[in-house]
Amino acid sequence: MREFLEGSQAVAEAVKLCKPGVISAYPITPQTHIVEELAQMVADGELNSQFVNVESEHSAASVVLGAVATGVRAYTASSSQGLIYMAEVLFNIAGMRLPVVLTCANRALSAPINIWNDQQDSVSMRDTGWIQLYAENAQEVVDLHFIAYRLGEDKSVMLPVMVCMDGFILTHGIETVDIPTQEEVDKFLPAYTPLYKLDPDNPLTLGPIVDPEYYMETRYAIQETHKEALELIPQINAEFSKVFGRQYQGLIEEYRTKDAGRVIVAMGSVCGTIKDVVDELRTKGKKVGLLKIITYRPFPQQEIYEALKSSPKVAVLDRALSLGSFAPLAAEIKATFFNKKKKPQVISSFIVGLGGRDITKDSIKEIFRLLNTKEKAGEFIDLKPELLKERYE
Amino acid sequence: MFGPLVVKAGTSRNNKTGSWRIETRPKFLQKNCIGCKMCLLICPEGCISGDEKNTYSCDYEFCKGCGGCAVICPKADVIMVKEESKE
Amino acid sequence: MSKILFAPGHTACAGCGQALAARIVIDASGPNTIVANNTGCLEVFSTKYPESAWEVPWIHSLFENSAAVASGIEAALKYLGKKDNINVIAQGGDGGTADIGLQALSGMLERGHDILYVCYDNEAYMNTGIQRSGLTPFDANTTTSPIGSRSTGNIHPKKPMPEIAYAHGIPYVATASVGFTQDLQKKVKKAFTIKGPKYLQIHVPCPLGWGHQPNISFQVAKLAVETGLFPLIEYENGKLSVRQIQPKPVEEYLKVQARFKHLLNSPEEIKKIQAIADANIDKYNLRTQS
């Protein structure tokens, strides 16, 4: 049913339809509305779930870890400082192959403290082994949650999934979304059946200490599973479209890239703005396009290669930094084309929208303008040089 | 694909810690035992078993030779002997 | 005789007080138990892949979160309608409980989960090599509170964890010792007859860390109680009961452990430790009236 909802509300509706048995979270802007909605649903008897109000994000992640280990589907959500606080547990959950689903309301990292949107939080967690999916709009956010549970709980995957949505922009923006029925979701998402669990009828030891003779293979296994997930994600999205009608390739979205002379690569809500600019410039005869990355982990190298190999000029937008080195997404896009015969002539790297700095249509047009034969390396867009004159002595 | 992550219950029994004993091992005389069960209770390995008086002994495959049983026995019915004697 | 739920073949040191306590706890709890365990000696020596001593479902996540993991397990069992038949234990060492794990423990206690938290108190971070923790007693020699020309050991008093747990208003708090094994068994069994959060702190000697022979772990534990340095107390639904003692002088306890050996030349320091014992004796009325 189509409803006019705040993004956070839409997430709560989606999570409710997934019927998690345990929900545990700690409040942090801008995730709060999601968990407040879920708490209200539980209080009203609309959602049969154990709602555990924990004393920190580290414990929120630990609670869902324990719940999934006991064979019950679980959910948590966080953002920024909270996500980083639970970083240790994130590695732990992925290492233990427990399919938790977490919504990350993307927000900048302290210091300085900033509650507005960028992607530094989830991008900083890209090494954890979690599958990471990025949403462009509220509908995608809703749909990605069903896909997340279906994907993570697949017996060949058994990995946790992070659904990333830009803080405030998607969490607090109000959009029209199609919220499916319980019957539709039940058709797509079966009940969670674990490979192993804590059960007195079949006692097992989870989380042993593993010495050098055994550790490496556990990491190799996760790496291989991510590769297998690259095959599975488009299949799951095909199943999704059969049930819900909406089509997603699942790994990427190619928006008017086929004959584009200049293509921007980006993740998240900025893609909506870029699509508008692409459409506007196309009416003026400019051949431009957008490659949207939906699945960031596993990194869809092959799909990106195929999509961009014939694009002469590519601009990669990063809403995060790896301070001291290349921008994260740009580095991975460049690595995809290293030593390939067919590749873009120019792959320019731009840093945009950190700490919630607005990315306007003008910003995007500026990027297309800067996307010329001179390759840009980590160039900041919409920077204010007058603020760089601070002296502390 | 999965790696080494989950361990079956009780598999520590494959590790015969009896090999840790170097000098002494406990000998259960089974003469003056009063069946107080203290030796059984305080063994960190849990490898002492027994029921009525004078039925107590340990599993030498796992006994580490800590000697706690010999010290605790109120009737000195457990003594530590040389490991080589294999008594 | 009940089933053995903590199998031999684990790699604890000979005479390890914690191994003994862990075995007694899980045997008293029974096979319908799920355990969440912090990182520490017990976790490491009982679950080195591919061997595990545990005959019950058992999970280890991180150093400080067994209370939170157990909260998730308990919530999941509640969701499945299975909680009434299954005991849930969260356990860890003194460091994992009173220091790094205090937050998760406090949250678990405050939320009222039906979980027994067990703290194996060997009074230092033993697994990492005998470093000082919040439960290390005054004047103990550890690697991070070493004795030296300017130091007689740990300068901080032992954090009153049982009182801290009790301050959360939970229905059952108790201390126990491997020097009193039947008392320990009774307390575990009693704890599981009570619904809600329970806290049990067990004093467990560490022959290596405390510096005593492995065959007297039981006796060392007993002396700690008999001097008043580790009182055996029990808060059950607001009512306090204690194990009364005929107090022995603290010297008897200190002289059998290398970690206190340096004090034997120092009557001043022994007086201070005696004062700690005396304060416990007064506070809990430990002296037998005979």
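Residue numbers (the numbering used here), protein chains in the order written: chain A, 61 to 453; chain B, 273 to 359; chain C, -9 to 280.
Note that beta-carbon positions come from the ideal geometry of N, C-alpha and C, so glycine has one too.
Quick check on residue i: does DSSP put it in helix, strand or coil?
i	result
H286 (chain A)	helix
A58 (chain C)	helix
G20 (chain C)	coil
F220 (chain C)	coil
N287 (chain B)	coil
E450 (chain A)	coil
D226 (chain A)	strand
C196 (chain C)	coil
F304 (chain A)	helix
L204 (chain A)	helix
L190 (chain C)	strand
D104 (chain A)	coil
M(-9) (chain C)	Note that M(-9) (chain C) scores a pLDDT of 44, beneath 50, so its modelled location is shaky; the value from the coordinates is reported in the next line. In this structure, M(-9) (chain C) counts as coil in the three-state DSSP scheme.
D378 (chain A)	strand
V270 (chain A)	coil
K344 (chain A)	coil
G349 (chain A)	strand
A390 (chain A)	helix
D246 (chain A)	helix
N270 (chain C)	helix
T171 (chain C)	helix
I441 (chain A)	coil
R297 (chain B)	strand
E366 (chain A)	helix
For my contact list, residue i and residue j are in at a C-beta cut-off of 8 Å; report their separation, rounded to the angstrom.
i	j	result
G102 (chain C)	P204 (chain C)	Actually they do not touch by this definition, with Cβ atoms about 40 Å apart.
G201 (chain C)	R122 (chain C)	With a Cβ gap of about 15 Å, G201 (chain C) and R122 (chain C) do not count as contacting.
E259 (chain C)	T142 (chain C)	5 Å
V202 (chain A)	A85 (chain A)	That belief does not hold up - the Cβ atoms of V202 (chain A) and A85 (chain A) are roughly 18 Å apart, past 8 Å.
E355 (chain B)	R293 (chain B)	5 Å
T23 (chain C)	P260 (chain A)	7 Å
D455 (chain A)	I144 (chain A)	With chain A covering only 61 through 453, there is no way to say anything about residue 455 (chain A).
A164 (chain C)	L125 (chain C)	With a Cβ gap of about 16 Å, A164 (chain C) and L125 (chain C) do not count as contacting.
According to the neighbour-count rule (16 or more other Cβ atoms, all chains shown, within 10 Å of its Cβ), is residue i buried or exposed?
i	result
T317 (chain A)	buried
E113 (chain C)	buried
T420 (chain A)	exposed
V270 (chain A)	buried
G339 (chain B)	buried
H205 (chain A)	buried
N432 (chain A)	exposed
G119 (chain C)	exposed
S357 (chain B)	exposed
A437 (chain A)	exposed
L173 (chain A)	For clarity, residue 173 (chain A) is Ile in the given sequence; the question names Leu instead. Classification of I173 (chain A): exposed, given that the 10 Å Cβ count is below 16.
R140 (chain C)	exposed
F(-4) (chain C)	buried
Y328 (chain B)	buried
M(-9) (chain C)	Note that M(-9) (chain C) scores 44 on pLDDT, short of 50, meaning its location in the model is unreliable; the coordinates nonetheless yield the value given after this. With fewer than 16 other Cβ atoms within 10 Å, it is exposed.
Return the residue from the list the options that minimises the CA-CA distance to residue i.
i	options	result
K280 (chain B)	C:S42, C:D89, C:A2 and C:V246	C:S42
E359 (chain B)	B:P346, B:D331 and B:G340	B:D331
P161 (chain C)	C:L230, C:L213 and C:M116	C:L230
Y135 (chain A)	A:H93, A:D442 and A:Y209	A:Y209
K288 (chain B)	B:A342, B:I351, B:V350 and B:G337	B:G337
G218 (chain C)	C:S207, C:A166 and C:L32	C:A166
I314 (chain B)	C:K68, C:Q279, C:V210 and C:D89	C:V210
V325 (chain A)	A:P360, A:K434 and A:V303	A:P360
K335 (chain A)	A:C78, A:Y315, A:A129 and A:Q405	A:Y315
G413 (chain A)	A:V406, A:I407 and A:D422	A:D422
G67 (chain A)	A:Q179, A:H232, A:L107 and A:V132	A:H232
M156 (chain A)	A:V82, A:G105, A:L258 and A:I83	A:L258
K287 (chain A)	A:V217, A:A380 and A:L158	A:V217
L244 (chain C)	C:V232, C:V168, C:I263 and C:R233	C:I263
M101 (chain A)	A:A72, A:T92 and A:P90	A:A72
With hydrogens ignored, establish whether the beta-carbon of residue i is closer than 7 Å to any heavy atom of the ligand ZN.
i	result
R157 (chain A)	With respect to the ligand ZN, the structure offers nothing, as it holds no ligand at all.
**Q.** Contacting positions in the region 93 to 125 of chain C - beta carbon closer than 9 Å to chain A
**A.** Q93, A94, S96, G97, M98, E100, R101 and H103
(Q) Please identify, using Cβ separations under 7 Å, the residues of the region 189 to 201 of chain C that lie next to chain B, in order along the chain. (A) none
**Q.** Members of the region 282 to 302 of chain B that neighbour chain C once the beta carbon cut-off is set at 8 Å
**A.** For chain C, the residues of the region 282 to 302 of chain B that bring a beta carbon within less than 8 Å of one of its beta carbons are G282, T283, S284, R285, N286, N287, K288, T289 and W292, in chain order.
**Q.** Residues, ordered as in the chain, of the region 240 to 270 of chain A that lie near chain B by beta-carbon distance below 7 Å
**A.** Y256, P263, L264, T265, L266, P268 and V270
Q. Looking at chain B, which residues of the region 36 to 47 of chain C have a Cβ within less than 9 Å of any of its Cβ atoms?
A. S36, T37, K38, Y39, P40, E41, S42, A43, W44, E45, V46 and P47
Q: Name, going along the chain, the residues of the region 316 to 344 of chain B whose beta-carbon falls closer than 9 Å to a beta-carbon of chain C.
A: P316, E317, G318, C319, S321, D323, D331, E333, F334, C335, K336, G337, C338, G339, G340, C341, A342, V343 and I344
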